[in-house]
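Each remark here refers to the structure printed beneath this line.
Number of protein chains: 2
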Amino acid sequence: MKRFRVPDVVIRRLVLYLRILSEMDLGEGRVYISSQELGDRAGVSPAQVRKDLASFGEFGKQGVGYDAAYLREEIRSILNLHRTVNVAIIGVGELGTALARYVSRRAGRERRYPFRVAACFDSDPEKIDRVIEPGIKIRPPEELAETVERESIDIAVITVPAAAAQAVADQCVKAGVRALLNFAPVKLFVPENVRVHYSDVSLELQQLAYYLT
Amino acid sequence: MKRFRVPDVVIRRLVLYLRILSEMDLGEGRVYISSQELGDRAGVSPAQVRKDLASFGEFGKQGVGYDAAYLREEIRSILNLHRTVNVAIIGVGELGTALARYVSRRAGRERRYPFRVAACFDSDPEKIDRVIEPGIKIRPPEELAETVERESIDIAVITVPAAAAQAVADQCVKAGVRALLNFAPVKLFVPENVRVHYSDVSLELQQLAYYLT
DNA sequence: TAGATTGTTAATCGATTAACAATC
DNA sequence: TAGATTGTTAATCGATTAACAATC
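Respectively, the protein sequence lines represent chains A and B.
According to the working numbering, the first sequence is numbered sequentially starting from 192.
According to the working numbering, the second sequence is numbered sequentially starting from 192.
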């Protein structure tokens, strides 16, 4: 599978499909879902659904549709969600705290939620050793490199002030982290083998403002 | 300006250009910036920059570039950011609180930041009347409609649990809100004259997981 | 003037949609 | 079998890039 490079936007929709399949109640027997229905629920065309899935293999039966439970597990595999994904949160302000708790609580609740908050960091000496959630203690930035190594950190979530974000990103990259989720309102410059996603409230608000009136 | 429909992705980049121009130090005299430099800083090609701007008019001088301060104000106008944009936050858990404080503090600090947290809502009776930031008191959901009207709410930020998000969106739409920023991990179905943007941490983490290995 | 950079058109690239043979 | 739906190819659509005349 994945003979060719698959566009980002396809991966994004795969996550949506997985979510829909995970929320479906698959009580008794085999449940099939058509590209039409999956598309309706995800807000995309049936052709899009079929094409997206076809990037990775043949998962359906003509005339019948897709076995929901089977497709769900196939997508989980494609997305690397069958193993634990270790996350570090850098910057434990209000947002960082909220995210750390959200992710760790959800992991505690849902058996299939693969993300684990493996570490949290803050540069404020006052906060070091504070426990923000059972099992999650705030560490100082000096311990970043060794922790990334020891805990096999896969993704660093950056929730520090904008002015500090690039330096934090540099440290993460140096420590070997290959995926960043940046909440600071700045573009991060990283080597091309490192992937950065952004979550930027101010940007969203500013974009939405355009569509007013 | 805006003779034709401008793609969403252009508006998104306009926000980036605005941010870069706003962060530039425009001390003395006229400062010019070329599409090359603006593009470098925003991470897009110079041709892209010129084409994006050309959707709205002619802002540059051949052989010279763009007057940074002038372009900044033009983009601000295009994006509707010259007037106050009123925001309501629905759901004042940890994330909602963090966002309310972030936006209102930034508005207090930056003279040109146009967003105002005009109201906050939560359905928990315990939280009603609690003040989360000077001038921002939590209101009960029953007051949503009248508040949207009275405060001219432009954008509703939805930070309620996933199970409640669609109902909240319906209420917002009914109350006349035309733009939503949804943090709950669900697709919202709204009339087509209402715009929804999403900020979805779990989705981003799941998408990033794909690129590991 | 000469050099630089815009605004714009044409060419390219890539993603979405339509359509239908294959087949369950 | 007949009806339904997939997987896939071709057609369409739209966005990005390249190139260059206009012009500061």
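Each residue gets a CB set at the ideal place from its N, CA and C atoms; glycine is no exception.
Any C-beta of chain B sitting closer than 8 Å to the C-beta of residue i?
i	result
A:N271	yes
A:T338	no
A:S390	yes
A:E285	yes
A:T288	yes
A:A309	no
A:T404	yes
A:L335	no
A:R302	no
A:M192	Confidence at A:M192 is low in this model, with a pLDDT of 47, below 50, so its placement is unreliable and the value that follows should be read with caution. Output row for A:M192: interface = no.
A:I346	yes
A:P382	no
A:P376	yes
A:L394	yes
A:V322	no
For chain A, find out if any of its Cβ atoms is closer than 8 Å to the Cβ of residue i; answer yes or no.
i	result
B:G256	no
B:L244	no
B:P198	no
B:I202	yes
B:T306	Here residue 306 of chain B is Phe; the residue named in the question, Thr, does not match the sequence. So yes, B:F306 belongs to the interface.
B:Q357	no
B:A400	yes
B:D361	no
B:Q397	yes
B:V364	no
B:V206	yes
B:R241	no
B:R210	yes
B:L262	no
B:V368	no
Within a Cβ cutoff of 8 Å, which residues of the same chain sit near residue i, ignoring the five residues on either side of it in sequence?
i	result
B:Q239	R204, G230
A:G241	For clarity, residue 241 of chain A is Arg in the given sequence; the question names Gly instead. Closer than 8 Å at the Cβ level, and outside the excluded window around A:R241, lie S226, G251.
B:R232	I211
A:Q398	none
B:I323	V283, T288, A291, R292, C311, I329
A:V276	P305, F306, R307, D345, I346
A:R274	P305
A:E340	A366, G367
Starting from the Cα of residue i, find the closest Cα among the options and give me that residue.
i	options	result
B:G415	B:R300, B:E285, B:A259, B:Y389	Absent from the model: residue 415 of chain B. The displayed extent of chain B is 192 to 404, so no value can be given.
B:R302	B:L207, B:S213, B:L399, B:E342	B:S213
B:A245	B:F195, B:L403, B:I319, B:V294	B:F195
B:L403	A:N384, A:L207, A:Q398, A:L262	A:N384
B:A353	B:V276, B:D391, B:Q398, B:S268	B:D391
B:G326	B:L399, B:S295, B:R267	B:S295
B:S268	B:G248, B:G367, B:V255	B:G248
A:K328	A:I344, A:V235, A:T288	A:T288
A:V197	A:D243, A:E324, A:Y208	A:D243
A:V255	A:E228, A:V276, A:E324, A:A358	A:E228
B:I202	B:G220, B:P316, B:I266	B:I266
B:D315	B:A355, B:V276, B:V200	B:A355
B:A358	B:L379, B:F374, B:V200	B:L379
Do residue i and residue j have their C-beta atoms closer together than 8 Å?
i	j	result
A:T338	A:I280	no
A:E416	A:A310	What the structure shows of chain A is the stretch from 192 to 404, and residue 416 of chain A is not part of that stretch, so it cannot be assessed.
A:V381	A:V364	yes
B:E285	A:R292	yes
A:M215	A:V222	yes
A:V235	A:V348	no
A:G282	A:D313	yes
A:I344	A:V308	no
B:L270	A:Y401	yes
B:R386	B:A370	yes
Leaving out five residues before and five after residue i in sequence, what residues of the same chain have Cβ atoms less than 6 Å from its Cβ?
i	result
A:H388	L372
B:F272	One detail in the question is off: residue 272 of chain B reads as Leu in this sequence, not Phe. Excluding sequence neighbours, B:L272 sits near P305.
B:Y257	I224, F250, G251
B:P237	S226, Q227, G230
B:P331	I319
B:G220	none
Within a Cβ cutoff of 7 Å, which residues of the same chain sit near residue i, ignoring the five residues on either side of it in sequence?
i	result
B:L153	Any question about residue 153 of chain B goes unanswered here, given that chain B covers just 192 to 404.
B:R263	L209, L212, S213
A:S393	P376
A:A298	Y304, F306, R307
Within 9 Å of chain A by C-beta, residues of the region 215-239 of chain B in sequence order: R232, A233, G234
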